[in-house]
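A.B. asks: For the sequence shown, the working numbering begins at 9 and goes up steadily by one. Glycine included, each C-beta is placed from N, C-alpha and C at the ideal position. Values in this document were obtained by computation on a predicted structure and should not be read as measured data. Sharing a structure below in structure tokens format, with a few things to ask.
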Amino acid sequence: SNPLLAQDTRTQAPHEYFPIDRIYSEWKLSDFARRGIECQTCHMPRIPGKAASFEFLPVRHDLAQHSFLGGNYWVPQILPMFWNYEERELDALIAGRNRTIDFLRTSAKLNIVQNPKAGSPIVFRVYNRTGHKFPSGDPESRRAWLHVEFLDAKGRVIGESGRYDFDTATLIEDPQAKIYRVKLAENGTPTFHMIRANQVVSDNRIPPQGFRRSRFEQFNIAPVGANYRDGQFWDDTAYNLPPGTVKVRATLYFQVMTREYVEFLRDSNTTDNWGQQLYQAWLASDKAPPIAIATAVFPPDKNRPTRPTNLQGQSPSSYRVVLNWNTSTDDDKVVYYEIWRRAPHETRFRKVGTTFAAETTYTDAGLHPDTEYQYYVRAVDTSGNASISSNTITVRTQQ
């Protein structure tokens, strides 16, 4: 909340001020809070391990992971551009980013709730699976959107909505584009300046389970320009199919730093060169591309991707393993690969991460020195089909 925009800070509660970022209030008013599901439940998940690095300590299976999972996959990537980290610190940044990428893919679900028929559209539904709005966090820079592609019998894209140009970092805002975000203004003029903003022009982010408009209005966090009913934690979007369409593919993207916002930070910083440095880091990190967190295809693809082959691994440090493998193919499209690992104290493999996109390399970090780890990977396609597991390998970290 912004105390500068309070009518009287002596008599008003903070939730009555103009909102800046109200994730706690969103959670407090959701079903998650009523069911006793706390922030720590999701953001500090339980994992097996030792409470400290002493050999005689027992392995526990309910340790709260102190990685404080969130949605920012970009900052851990660019921090080494500004500071000389030690090897173990770099490993921690890599591990944190890996967990964030995997965590984001649990934040929303994408379904088809109406199949296209003669003269009727296809309808996609985005479910919010978080305990707050989706997307949440910095209202200036974060957004999520649907990219919908219409393909003909030859697999050619004959129409699309919500296309993102990765070369220019530009989201094409066509008339049908569904973009979940906040738009702020200062006295009616659009602005990215969160402290000077005094008006929410629009906020169509999806509310959490248990949403009640009257309660959200009391806390100044009700949707603006979007008509969510009480209890609604999803959003539907209908698309008409161009003639000749035989397949429809939808991808729900999330982005933590937009080109427009990083340019605003660069241009607004006139006292030193930190704005320009941040902009250069953005350029050097592929312009903070969005991540695909959910996909859906019509008609559904029941065939799994081909098995990833030739999985190999090496350990360049005491706390890191680098994996690489051969590409899988699919009837439609491979979205990402799952990484499965078994540590010496574990009786079974568990999924420890997913690749950012369909790249065929992965760095597993935050490991223990001189320790053997077993791995295999699986490809996942746009229908959620997982391939047969790759070959299993064993890699020992350096001493």
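Whole angstroms are fine: how far does the CA of D70 sit from the CA of I130?
C.D. replies: For I130 and D70, the distance between alpha carbons rounds to 43 Å.
A.B. asks: May I have the straight-line CA-CA distance separating M265 from F64, to the nearest angstrom?
C.D. replies: Taking the straight line joining both Cα atoms gives about 44 Å.
A.B. asks: Cα separation between A296 and G252?
C.D. replies: Rounded to whole angstroms, A296 to G252 spans 35 Å at the Cα level.
A.B. asks: Look up K191 in the DSSP assignment and give the residues it is bridged to.
C.D. replies: Note: K191 sits in a beta bridge opposite S210.
A.B. asks: What residue from I203, Y135, R171, F262 has the CA that sits closest to R432's CA?
C.D. replies: Examination of residue 432 is not possible in this model, given that the chain is present from 9 through 407 alone.
A.B. asks: If you reduce the DSSP assignment to three classes, tell me which class Y370 lands in.
C.D. replies: Here Y370 sits in strand by DSSP.
A.B. asks: Going by the beta-carbon positions, is the gap between I31 and S144 smaller than 8 Å?
C.D. replies: Result yes, Cβ atoms of I31 and S144 sit closer than 8 Å.
A.B. asks: My output table needs one value for A72: the three-state DSSP class, helix, strand or coil.
C.D. replies: Of the three classes helix, strand and coil, the one that applies to A72 here is strand, per DSSP.
A.B. asks: Y287 CB to nearest chain C CB: under 8 Å?
C.D. replies: Of the chains in the structure shown, none is chain C; there is only one protein chain.
A.B. asks: Indicate whether the contact test is met: 3 or more Cβ pairs, each with one atom in the region 72-80 and one in the region 40-55, closer than 8 Å.
C.D. replies: Output reads yes: the region 40-55 touches the region 72-80.
A.B. asks: Quick one: residues in its chain with C-beta nearer than 8 Å to the C-beta of Q284, no 5 flanking neighbours on either side, listed in chain order?
C.D. replies: Cβ within range, chain order: R274, N277.
A.B. asks: Mind checking W282: buried by the 16 CB within 10 Å criterion, or exposed?
C.D. replies: Classification of W282: exposed, given that the 10 Å Cβ count is below 16.
A.B. asks: From F272, D238, A302, pick the residue whose C-alpha is nearest to that of A258; which is it?
C.D. replies: Nearest C-alpha to A258: A302.
A.B. asks: Exposed or buried, what is H201 when buried is set at 16 or more other beta-carbons lying within 10 Å of its beta-carbon?
C.D. replies: Label assigned to H201: exposed.
A.B. asks: For the alpha helix (DSSP H) containing T108, list its first residue and its last residue.
C.D. replies: T108 -> alpha helix (DSSP H) spans 95-112.
A.B. asks: In the DSSP assignment, the alpha helix (DSSP H) including R267 goes from what residue to what residue?
C.D. replies: Per DSSP, R267 belongs to the alpha helix (DSSP H) from 267-276.
A.B. asks: Which runs of the beta strand (DSSP E) fall wholly inside the region 332-371 and span at least 3 residues, in chain order?
C.D. replies: For the region 332-371, whole beta strand (DSSP E) runs of length 3 or above, ordered along the chain, are 342-350, 358-362.
A.B. asks: Which value, in whole angstroms, describes the spacing of the CA atoms of F40 and D160?
C.D. replies: Using only the alpha carbons, I get a separation of about 43 Å.
A.B. asks: Could you have a look at Q320 and say whether DSSP puts it in helix, strand or coil?
C.D. replies: Looking at Q320 - three-state DSSP - the assignment turns out to be strand.
A.B. asks: What is the rounded straight-line gap between the Cα of A103 and the Cα of K125?
C.D. replies: Using only the alpha carbons, I get a separation of about 46 Å.
A.B. asks: Pick helix, strand or coil for G78, following the three-state DSSP scheme.
C.D. replies: If DSSP states are grouped into helix, strand and coil, G78 belongs with coil.
A.B. asks: Does DSSP put K36 in a helix, a strand or coil?
C.D. replies: Of the three classes helix, strand and coil, the one that applies to K36 here is helix, per DSSP.
A.B. asks: Give a yes or no on whether the C-beta atoms belonging to R267 and T199 are separated by under 8 Å.
C.D. replies: Not closer than 8 Å, so no.
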